[in-house]
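Trainee: In my numbering, the protein residues as written are 785 to 1008.
A virtual CB, placed ideally from N, CA and C, is assigned to each residue, including glycine.
Bear in mind the structure is a predicted one, so any value in this text is a computation, not a measurement.
This is the structure we're talking about:
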């Protein structure tokens, strides 16, 4: 079975509907996109569309479910088993950046952009799946602190700093812009896990001051 209890043979067709609807909603917003427009983009009648989905809100929920499925498959499942918590977090950031910058990942963008559109049980369900990601990040940062891989930080602050950096990319990233996905990924990983302050400069100007980095001074100093 697939989304909303559909038979397996209907899964591919419904995924195509979700992807088409996601593209339109990203372009026009949820309120600005009608079911008639979605049906036309899918080369279906409106009645035909309603054969696959009960309502517009159900369609939005299924898009978000699909987006969470994609995220968990392309990001979480690939890093959860990594032993080193810092490498786990670094790789998670890279994979998450790659996902939100791909042109086809509109379902993931909708999870971010239309997060307040759902109501009741539908919203609680999606919020629950998103919280799983937050808990994963918090636990990974806490483990990195506990094992001495990073200096003491508040795991919740670190987790939401991580998310704030990554999840805002969809607002400004341009696929044909001057920055490549690799440049953004490398820059953000370096920024979060090495920091802005040059430890050599700080040591010479502020004797005894702590290095403002999320990693120990030996790593922040540039060891390979």
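(1) So for residue 959, helix, strand or coil by DSSP?
(2) At a cut of 8 angstroms, does the region 832 to 850 reach the region 897 to 908 through at least three beta carbon pairs?
(3) Whose C-alpha, out of 815, 859, 828, 933, is nearest the C-alpha of residue 801?
(4) Under 7 angstroms: does the beta carbon of residue 922 sit that close to some heavy atom of the ligand ATP?
(5) Classify residue 936 as helix, strand or coil using the three-state DSSP reduction.
(6) Does residue 1002 come out as helix, strand or coil in the three-state DSSP assignment?
(7) Would you say residue 937 and residue 929 are within 8 angstroms of each other, going by their C-beta atoms?
(8) Under the assumption that residue 859 contacts residue 883 (Cβ atoms under 8 angstroms), give the Cβ distance between them as a whole number of angstroms.
(9) Taking residue 941 as the reference, give the member of 880, 967, 855, 921 with the closest Cα.
(10) Which two residues bound the contiguous alpha helix (DSSP H) that contains residue 900?
(11) Please state the DSSP three-state secondary structure of residue 810.
(12) Nearest CA to the CA of residue 913: which residue from 898, 849, 879, 925?
(13) Hey, is the region 860 to 880 in contact with the region 809 to 821, meaning 3+ C-beta pairs nearer than 8 angstroms?
(14) Report the CB separation of residue 810 from residue 894 in whole angstroms; it is logged as a contact under 8 angstroms.
Mentor: Reading it off the structure:
(1) If you number the chain shown from 1, residue 959 lands on position 175. In the structure shown, residue 959 sits in coil (DSSP, three-state: anything other than H, G, I, E or B).
(2) The region 832 to 850 is in contact with the region 897 to 908.
(3) The residue given as residue 801 occupies position 17 in the chain shown. Ranking 815, 859, 828, 933 by Cα distance to residue 801 puts 828 first.
(4) Questions concerning the ligand ATP fall outside what the structure shown contains, since it holds no ligand whatsoever.
(5) Indexing the chain shown from 1 puts residue 936 at position 152. Coil, per DSSP.
(6) Numbered from 1 along the chain shown, position 218 holds the residue referred to as residue 1002. Because the pLDDT of residue 1002 is 43, which lies under 50, any placement of that residue in the model is unreliable, and the number read from its coordinates should be weighed accordingly. Helix at residue 1002.
(7) Numbered from its first residue, the chain shown carries residue 937 at position 153. Numbered from its first residue, the chain shown carries residue 929 at position 145. Yes, the Cβ-Cβ distance between residue 937 and residue 929 is below 8 angstroms.
(8) In the chain shown, residue 859 corresponds to position 75, counting from 1. In the chain shown, residue 883 corresponds to position 99, counting from 1. Indeed, because the Cβ distance is near 6 angstroms, the residues count as touching under 8 angstroms.
(9) Counting from one through the chain shown, the residue named residue 941 turns up at place 157. In this structure, 921 is the residue among 880, 967, 855, 921 with its C-alpha nearest to the C-alpha of residue 941.
(10) Indexing the chain shown from 1 puts residue 900 at position 116. It is not in any alpha helix (DSSP H) - residue 900 carries neither H nor E in the DSSP assignment.
(11) As a position in the chain shown, residue 810 is number 26, starting the count at 1. The answer is helix: DSSP assigns residue 810 an H, G or I state.
(12) Position 129 of the chain shown, counting from 1, holds the residue named residue 913. Looking at the Cα atoms, 849 is the closest of the given residues.
(13) no
(14) Here residue 810 refers to the residue found at position 26 when the chain shown is read from its first residue. Here residue 894 refers to the residue found at position 110 when the chain shown is read from its first residue. Between the beta-carbon of residue 810 and that of residue 894 there is about 6 angstroms, and that keeps the pair under the 8 angstroms contact cut.
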